[in-house]
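If you're matching them up, the sequences are chains A and B in order.
Sequence positions in the first sequence follow this note's numbering and run 1 to 332.
Sequence positions in the second sequence follow this note's numbering and run 1001 to 1332.
The C-beta atom is built at its ideal place from N, Cα and C for all residues, glycine as well.
Note that the structure is a prediction, hence the values are computed from the model and not measured.
Here the structure is laid out as structure tokens; the discussion comes afterwards.
Protein chains: 2
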Amino acid sequence: MTDRATSVDVARAAGVSQSTVSRALSDDKRISEETKKKIRKAAERLGYTPNEIARSLQTNKTNMIGLIMADIQNPFYPTVLEVYTQKLHSMGKRLLLLSVPRGFEVDDVLPSMLQHQVDGLVVTSAVVSSKLHKILKVHKTRTVLLNRSVDDFSLNSVCCENTTASIEVASFLVREGHRRMALIGGRPDTSTHRERHQGFQSELNRHGLDIVDEEYGGNTYEGGYQAALRLFSKDIPPDAIFCISDVMALGALDALRYELKLRVPEDVSIVGFDDIPAASWPSYNLTTVRQPVEAMVGRSLAILFDPEDYPPVSIKVPGELIIRGSVKTGAT
Amino acid sequence: MTDRATSVDVARAAGVSQSTVSRALSDDKRISEETKKKIRKAAERLGYTPNEIARSLQTNKTNMIGLIMADIQNPFYPTVLEVYTQKLHSMGKRLLLLSVPRGFEVDDVLPSMLQHQVDGLVVTSAVVSSKLHKILKVHKTRTVLLNRSVDDFSLNSVCCENTTASIEVASFLVREGHRRMALIGGRPDTSTHRERHQGFQSELNRHGLDIVDEEYGGNTYEGGYQAALRLFSKDIPPDAIFCISDVMALGALDALRYELKLRVPEDVSIVGFDDIPAASWPSYNLTTVRQPVEAMVGRSLAILFDPEDYPPVSIKVPGELIIRGSVKTGAT
DNA sequence: TTAGGTCGAGCATACGTATGCATTATGCTA
DNA sequence: TAGCATAATGCATACGTATGCTCGACCTAA
């Protein structure tokens, strides 16, 4: 008795058939206004809301898209998350979230997501293994990689224009008189890392320079902190550090200032990537590349909901160099 | 042909009935080992995975719990989110996430969540309106408020021991010689705010003191920043500020240091609440109250999955004062 | 007057799974 | 050898919705 009302209950209350209820509530033109009104009233009175589960079984659509996120603790992703949930909500869809626990890979959690019959899938901040590849091929759930790409164009992907942006960073640093550039990377097995590294390096080369040193920080604050310490434990320290992500840049900055008692930017310059909220806080005032989250998320959803089933595309959205105060300027 | 295999397909392939497949895969003891083996092989070969939607329709359980989060941008919540997804995943459950867009209230997004028949619901960082109350009463979906509570005990809630912790903060500040305490609040219409305010004030009173000034920062960095500026635009500034949440404390700290050129803690002391990651970064080194996220999330899930249907409870988990460097000490 | 058309609504079924009950085969007891 | 318990499986149905098809009533045009 305390159970939820079904469309059958509404039908009975309104003195019509269940199918009429279904049609009336989806505003089918075959049902007369008069009947619709009656049904809507009955539905209201019974507190009826459609059972999405039953609907999904029938229509083969769940109105849910899955988001697999490997790195929630990176402050870049809460923004991503928020943009997704909001955009989806305005489209009448919901977000099924799965985070990949430390020590697990995406492949481990993916199946449980696919069982829920999500209409589409977004995978972000993940290492794209061949196993993952295989699973996605079998299930025909449309998938988009966000902030990651694969070389063979076998999966949809939406990324920032990592290469171009990194070239711009290098060019900026050179222009401002830096010569000994180091890089703090994330995970070398991600496309993001490779692209940013490659763009940065190629532009340095063009100026007759090269990356003088390189460390990895795993895209965490602590990782960036330690990586910076390692860079400065060697013979000749760099005069500028390009951090592949902002969180690591913050860690590096703190390490330099508070552990090594160096001044930023006077003694060392630092550039990040992402433009997380903290980058603009005066304590850090970080020069960085802004990722166009809104646009990236928008494009990814456009791919997922495109009525046509095109072959996989790789979309690059331009980033923007945000110049703040963590780079020493005018040295020329 | 490219469609996903169903249990019927598996049955056909294994030469048994669909019901036998269903039972075999759920390891029903009535099915012989031999048959099970045969069925498992067939399932494997066809790449069969159960359709959770159909299963849900039958069992009335979706294995999803809904999480409604109003304040994802607050760095406290990514941790909450991660703990939830991980704990749930290890229980074989999934998280349906809904974030409340700016300008909307929980009531606006709740119905869309309930339609998905979630097995349980967690609502966090939200203003509990009477309308929300009503909706939750009608639907019998079990609900827990996280980090919020209601006065009449009509909903389950799990919170930090806000009052006790705030008393401890006040007592600590007094002990260290502070006399002019100000408070930067979040939203006065939340239980969290009221409890922390009340605990702080009552302890000050016990020492013959009172809150000398009070501003609101809406639990954002920018809000904390501006609130701090307002506090110091008046005749006599405070010598200590208790910020109801860490994000605001960071904002306040930056405002004091970089805009007002004050020293923390030498000129002003600051205490936060939450212990977000950034609180421990040397740039901030914030004295704060650590919320036991792991425990809170654990308790909330215990309530949701309790087989018995007890009346609503209000659970308070103790916090821990983490003393770092943002409070001037030894002034006595 | 009648054939054909339109409108409004109901009937029946399908989606993929779980499960109560019936059914058959098998072994055991008296 | 009859009778009965037990094991192993199949049959049939239900979950709540959407939708193709059918059907009746009424209207219009020839």
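{"Query": "Quick one: which residues of the region 244-278 of chain A get their C-beta closer than 9 Å to a C-beta of chain B? List them in chain order.", "Result": "250, 251, 253, 254, 255, 257, 258, 259, 277 and 278"}
{"Query": "Which same chain residues, not among the five before or five after residue 79 of chain A, have their C-beta less than 6 Å away from its C-beta?", "Result": "293"}
{"Query": "Straight-line CA distance for residue 1221 of chain B to residue 181 of chain A?", "Result": "33 Å"}
{"Query": "What three-state label does DSSP hand residue 1006 of chain B in the structure shown?", "Result": "coil"}
{"Query": "Does residue 1271 of chain B pass the burial test, meaning 16 or more other C-beta atoms within 10 Å, or should it be called exposed?", "Result": "buried"}
{"Query": "For residue 1213 of chain B, which beta-bridge partners are listed by DSSP?", "Result": "B:1182"}
{"Query": "Report the rounded CA-to-CA distance for residue 1213 of chain B versus residue 1170 of chain B, giving the unit in angstroms.", "Result": "14 Å"}
{"Query": "Between which two residues does the beta strand (DSSP E) carrying residue 1096 of chain B extend?", "Result": "1094-1099"}
{"Query": "Determine whether the Cβ of residue 290 of chain A lies closer than 8 Å to any Cβ atom of chain B.", "Result": "no"}
{"Query": "Who does residue 290 of chain A pair with in a DSSP beta bridge?", "Result": "A:274 and A:320"}
{"Query": "Using only the alpha-carbon positions, how far apart do residue 1165 of chain B and residue 91 of chain A sit?", "Result": "42 Å"}
{"Query": "Say whether chain B places a C-beta atom closer than 8 Å to the C-beta of residue 324 of chain A.", "Result": "no"}
{"Query": "Could you name the residues of chain A that residue 1286 of chain B contacts, counting a contact when the two beta carbons are closer than 8 Å?", "Result": "None at all; the shortest Cβ gap to chain A is about 11 Å."}
{"Query": "Would you mind reading off the limits of the alpha helix (DSSP H) that contains residue 1043 of chain B?", "Result": "1033-1046"}
{"Query": "Verify whether the separation of the beta carbon atoms of residue 1094 of chain B and residue 1113 of chain B is less than 8 Å.", "Result": "no"}
{"Query": "By the DSSP assignment, the alpha helix (DSSP H) with residue 53 of chain A in it spans what residues?", "Result": "52-59"}
{"Query": "Measuring alpha carbon to alpha carbon, tell me which residue in A:239, A:149 and A:41 is nearest residue 317 of chain A.", "Result": "A:149"}
{"Query": "Starting from residue 1056 of chain B, find everything on chain A with Cβ-Cβ shorter than 7 Å and list it in chain order.", "Result": "53"}
{"Query": "When you compare the CB of residue 317 of chain A with every CB in chain B, is at least one pair closer than 8 Å?", "Result": "no"}
{"Query": "Is residue 1244 of chain B helix, strand or coil when you go by DSSP?", "Result": "coil"}
{"Query": "Does the region 1003-1022 of chain B come close enough to the region 297-315 of chain A that 3 or more CB-CB pairs lie under 8 Å?", "Result": "no"}
{"Query": "Beta-carbon within less than 8 Å of residue 187 of chain A's beta-carbon, same chain only, minus the 5 sequence neighbours each way: which residues are those?", "Result": "127, 193, 216, 218 and 219"}
{"Query": "Which one or two residues does DSSP pair with residue 157 of chain A in a beta bridge?", "Result": "A:145 and A:314"}
{"Query": "To the nearest angstrom, how far is the alpha carbon of residue 49 of chain A from that of residue 1157 of chain B?", "Result": "26 Å"}
{"Query": "I'd like to know if residue 308 of chain A contacts chain B, where contact means its C-beta is closer than 8 Å to some C-beta of that chain.", "Result": "no"}
{"Query": "How about residue 997 of chain B and residue 1278 of chain B: do their beta carbons lie closer than 8 Å?", "Result": "Any question about residue 997 of chain B goes unanswered here, given that chain B covers just 1001 to 1332."}
{"Query": "Hey, would you say residue 1303 of chain B sits closer than 8 Å to residue 1144 of chain B, going by beta carbons?", "Result": "yes"}
{"Query": "Measuring alpha carbon to alpha carbon, tell me which of B:1077, B:1245, B:1282 and B:1256 ends up nearest residue 1233 of chain B.", "Result": "B:1256"}
{"Query": "Within a Cβ cutoff of 6 Å, which residues of the same chain sit near residue 1295 of chain B, ignoring the five residues on either side of it in sequence?", "Result": "1317"}
{"Query": "For chain A, find out if any of its Cβ atoms is closer than 8 Å to the Cβ of residue 1117 of chain B; answer yes or no.", "Result": "yes"}
{"Query": "Strictly under 8 Å for the Cβ-Cβ distance: is residue 122 of chain A near chain B by that measure?", "Result": "no"}
{"Query": "How about residue 1275 of chain B and residue 1264 of chain B: do their beta carbons lie closer than 8 Å?", "Result": "no"}
{"Query": "Kindly indicate the opening and closing residues of the alpha helix (DSSP H) around residue 1135 of chain B.", "Result": "1130-1138"}
{"Query": "Compare the Cα-Cα distances from residue 1098 of chain B to each of A:81, A:106, A:110 and A:102 and report the closest residue.", "Result": "A:81"}
{"Query": "Compare the C-alpha of residue 1207 of chain B against each of B:1174, B:1196, B:1231 and B:1197 and name the closest.", "Result": "B:1174"}
{"Query": "Report yes if the CB atom of residue 241 of chain A is closer than 8 Å to the CB atom of residue 184 of chain A, and no otherwise.", "Result": "yes"}
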